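Worksheet: one structure, shown below.
In the numbering used here, the protein residues as written are -11 to 196.
Structural data, given as structure tokens:
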């Protein structure tokens, strides 16, 4: 236990994820005949940690393009929608120092998945989907093993001397073989084994 130390560090200590579908009723200034298109823009949001939850509050603009007056005219109805999503946090570590630092990532921007004219005929029923992932950054403790500064694991090296010794031995054998061959050749040459004749030590003379 003497070699263990506790370190306090920042890490992701909790996460939460939530997908929401909300139904919004919009009332245009004219009685619609049909819906020609719908899109969502200008999404803004903020988040804060409340206990074991993160509350994401935001707003966006819904634009509905529609025809009216028996399809003879068109118009765009724009309305700002406010929302608040409560996302539950899941912790993996209980030994966490309390924090309010949370990060929000939008997995799915607010998007229209369905747009219809209500049965009353004077308004729109718009279904909007959105998806958030939240992370809480806090201080937590980790335990590490401590070793002396000079501590280092043993290195293992391959023995390269075998190749050098075999090369040296081969070179020595080759040199010895060459010397032996040269010696035998000289001995045989003096004994007259080459050319079928003998070598005379007497000097020859030329007479005119």
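Just so you know, even glycine gets a beta-carbon here, dropped at the ideal spot from N, CA and C.
If you're wondering where the values come from, they're calculated on a predicted model, not measured in any experiment.
Run of the beta strand (DSSP E) containing residue i, from where it starts to where it stops
i           : result
residue 145 : Run containing residue 145: none; DSSP gives neither H nor E here.
residue 7   : -8 to 14
residue 25  : 20 to 38
Residue i, DSSP secondary structure in three states
i           : result
residue 47  : strand
residue 54  : strand
residue 186 : Interpretation of residue 186 is limited by its pLDDT of 46, a score under 50 that renders its predicted location unreliable; the figure taken from the coordinates is listed afterwards. Residue 186: coil per DSSP, three-state reduction.
residue 193 : The pLDDT assigned to residue 193 is 41, lower than 50, so where the model puts this residue is not dependable; a value taken from the coordinates is nonetheless given after this. Coil.
Those residues which DSSP pairs with residue i across a bridge
i           : result
residue 132 : -7
Member of the options whose CA lies at the smallest distance from the CA of residue i
i           : options            : result
residue 42  : 93, 142 and -4     : 93
residue 37  : 55, 116, 21 and 72 : 72
residue 34  : 45, 28 and 27      : 45
residue 50  : 113, 131 and 127   : 113
residue -5  : 131, 142 and 79    : 131
residue 127 : 91, 53, 87 and 16  : 87
residue 108 : -1, 20 and -9      : 20
residue 11  : 78, 116, 97 and 0  : 116
residue 218 : 2, 47 and 59       : No answer is possible for residue 218: it lies beyond the span of the chain, which begins at -11 and ends at 196.
residue 23  : 2, -1 and 64       : 64
residue 110 : 8, 0, 26 and 15    : 15
residue 31  : 105, 119 and 145   : 119
residue 74  : 146, 0, 5 and 145  : 5
residue 9   : 96, 136 and 124    : 96
residue 47  : 77, 70, -9 and 101 : 70
**Request:** Identify every run of the beta strand (DSSP E) within the region 57 to 116, keeping only runs that are complete inside it and at least 3 residues long; order them along the chain.
**Result:** 61 to 76 and 84 to 105
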